[in-house]
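The structure appears below as structure tokens.
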Amino acid sequence: MSFGKSRDAMHFLMQHRLSACFFVRLFIRFALP
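For the sequence shown, our numbering begins at 629 and goes up steadily by one.
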């Protein structure tokens, strides 16, 4: 993974923090038994 791509990912997470938290909670809900 190039540095620029990782920087874009960080920028995306900062812009879409709420949706990111939502997806994380959704993932945890499905990951846990």
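C-beta: ideal position from N, C-alpha, C; glycine also.
For His639, the secondary structure class from DSSP, reduced to helix, strand or coil, is helix. The beta-carbon distance between Ala648 and Leu641, rounded to whole angstroms, is 5 Å. This is short enough to meet the 8 Å contact definition. Collapsing the DSSP output to three states places Leu660 in coil.
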